[in-house]
Structures are given as structure tokens and as C-alpha cells.
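Read through the structure below, which is laid out as C-alpha cells, and then see the notes.
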Amino acid sequence: MKSIYAGICLVISLMFSCQQKSGDFQSVPAEEFAKLIASPEVQRVDVRTLAEYSDGHIPGSLNINVLDKQFEAVADSLLQKDRPVALYCRSGKRSKKAARLLSDKGYKVYELEDGFQSWQQADLEIEK
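Under my numbering, the final residue of the sequence shown carries the number 662; numbering is consecutive throughout.
Right, dumping it as C-alpha cells:
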């Protein structure tokens, strides 16, 4: 029961924290990321290639490839700035790039520390 309460508190505090400064985002470990994305308010984004996404991804994630020249335009057309964004890549390098780009545009961003590999190592749910 304590873990459920702690998870709810975490999501609420993340959603209602002070306005984020431009270029600022938070990297979180897999277990915390899982609690964060349990909220329907949080937008899930996989920034890997379509081939990587097709091999397996976090359920409910949109695929917006950060290496695509149109990444920012596509993100702006699909995401809502008034809702937090939780994003990830394979190892964390590309997601940090995407997190910087989106947070610079005013999104509140959380990034999966060590990427999808850490999600898999934590044996969390994957969709194909």
C-alpha cells in the first residue's frame, strides 16, 4: 500500500511542480519512469527509429524519431505543451538530445535514464 501511495504522490508532485526552465529536464530510473507514465496525463514518446520501435516499445508510446529533420515539427503537431512528456531511446543518448530540444520549446520533460535497455533489464512491460 505504501508503494501505491508513494507512486501517486510522485505523479502528483511531478505534474504540479513549478514551471520548468527552458532547457531543463529530469532523467529518472526505470522504476520511477514506470510510476510516472502510469498517469494518463503523461505523454509517452519513443525517440528511436521506426525499426527499433517495431522490435519492441513501452506500451502507449508514440514514435517520433529524434534523428528525423522534422522531429520538432512532428513533436509540436502531436504533443500538448500543457502535459508532461516522458521520453526514451535505446541507451539514453538520443533521448537526452530530444529532451533538450523539447524542454527548450517549453515542454515539461522526463527522460528514461539509461533508455529502453534499463526498462528491459527491470523486466517491465514491452509491446511489439
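Ideal Cβ placement from N, Cα and C applies to all residues, glycine included.
**Inter-residue spacing [alpha-carbon to alpha-carbon] between G590 and I660** = For the purposes of this step, residue 590 is identified with residue 56 of the sequence shown, where counting begins at 1. For the purposes of this step, residue 660 is identified with residue 126 of the sequence shown, where counting begins at 1. Going from the Cα of G590 to the Cα of I660 covers about 6 angstroms.
**Prompt:** Taking DSSP as the reference, what is the three-state secondary structure of E586?
**Reply:** Sequence index remark: in the sequence shown, residue 586 carries index 52 (1-based). The answer is helix: DSSP assigns E586 an H, G or I state.
**Burial state of I571, where buried means 16 or more other Cβ atoms lie within 10 Å** = Looking up residue 571 in the sequence shown gives position 37. So I571 counts as buried.
**Prompt:** What are the complete alpha helix (DSSP H) segments, minimum 4 residues, inside the region 588 to 622?
**Reply:** 605 to 612
**Asked** Taking C-alpha atoms, which residue in N599, R624, Y644, I598 lies nearest to R617?
**Response** Locating residue 617 in the sequence shown gives position 83, where the first residue counts as 1. If we check each option's Cα against that of R617, Y644 comes out closest.
**Request:** Could you check the C-alpha separation between I598 and I592 for me, to the nearest Å?
**Result:** Here residue 598 refers to the residue found at position 64 when the sequence shown is read from its first residue. Here residue 592 refers to the residue found at position 58 when the sequence shown is read from its first residue. About 13 angstroms.
**Asked** For V576, which option in A632, R582, F605, F567 has the closest C-alpha, if you only look at C-alpha atoms?
**Response** As a first step, residue 576 must be located in the sequence shown, where it is residue number 42. Nearest option by C-alpha distance: F567.
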